[in-house]
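According to this note's numbering, the sequence shown is numbered sequentially starting from 283. Report on one structure; see the data block that follows.
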Amino acid sequence: DPLAEARRWEHIPQVKRILVHYESDPEQVADILNHIRSYGWEVGVVLNIETPIEVADDLSEEIDAIQFMSVRPGKQNQPFLPEVYNRIRAFHAMHPAIPISADGGVNADTIPKLFAAGARRFGPGSAVFGGGEPAENVRKLQGLLHTLTQ
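The structure is reproduced here in structure tokens:
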């Protein structure tokens, strides 16, 4: 139950934003987002690669952000799905004020293309923790983002 899950985090002051997978309950996702917003948190929706981006059009007035999965959710190291670039580009053209994030296969190779498509938030799991020193990996990604934003 997504609402019960949100209630578990209700009293934790560090929580600022909750992203809900659209596919978790397509019939009630708008109600879930509104309930979560009642806690004072930002809300967003996550779309899996096979979910049409048009489902977010109906939610565009209710969300503060959107996240596109660039892998099939499941386990680490799933293959990056390049069709996400067009999905992000299309959504960004329709809703330029809504921040876009990408999650899955996000690394130094994919971030420039994701950025060019319109993403401004990134979830680089394996790129940080998949090898080497995580702090150094983060510094390198921050440097890349700094270069892209100049």
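For glycine and all other residues, C-beta sits at the position ideal for the given N, C-alpha and C. Computed from a predicted model, the values in this text were never measured in an experiment.
- Item | Neighbour-count burial assignment, R354, 16 or more Cβ in a 10 Å radius | In the assembly as shown, R354 is an exposed residue. Its beta-carbon has fewer than 16 other beta-carbons within 10 Å.
- Nonlocal neighbours in the same chain, by C-beta distance under 6 Å from H303, ignoring five residues either side: Counting only Cβ-Cβ distances below 6 Å, and skipping sequence neighbours, we find V328.
- Is it right to say L430 is buried, meaning 16 or more other beta carbons lie within 10 angstroms of its own, or is it exposed? Classification for L430: exposed.
- Those residues which DSSP pairs with V353 across a bridge: The partner list for V353 (beta bridge, DSSP) is empty, contrary to what the question assumes.
- Query: Helix, strand or coil: how does DSSP classify L301 here?
  - Reply: In this structure, DSSP gives L301 an extended state, which the three-state scheme calls strand.
- Message: Within a Cβ cutoff of 8 Å, which residues of the same chain sit near R319, ignoring the five residues on either side of it in sequence?
- Response: Excluding residues within five positions, the ones whose Cβ falls inside 8 Å are V325, E344.
- Item | Residue interval of the beta strand (DSSP E) (run including G326) | 324-329 is the extent of the beta strand (DSSP E) around G326.
- Message: Please state whether the Cβ-Cβ distance between A372 and I335 is less than 8 Å.
- Response: The answer is yes: Cβ separation under 8 Å.
- Message: When you compare the segment 377-391 with the segment 401-411, are there three or more beta-carbon pairs, one atom per stretch, that lie closer than 8 Å?
- Response: The segment 377-391 is in contact with the segment 401-411.
- Message: Using a Cβ-Cβ cutoff of less than 8 Å, which residues in the same chain neighbour H428 once the five nearest sequence positions on both sides are dropped?
- Response: Here H428 has no same chain residue with a Cβ atom under 8 Å from its own Cβ, once five neighbours each way along the sequence are excluded.
- Beta-carbon proximity of L363 to I331, cut-off 8 Å: Yes, Cβ-Cβ distance for L363 and I331 is below 8 Å.
- Item | F404, DSSP secondary structure in three states | In this structure, F404 counts as strand in the three-state DSSP scheme.
- Message: The alpha helix (DSSP H) that contains D313, what's its start and end?
- Response: Segment 311-319, the alpha helix (DSSP H) holding D313.
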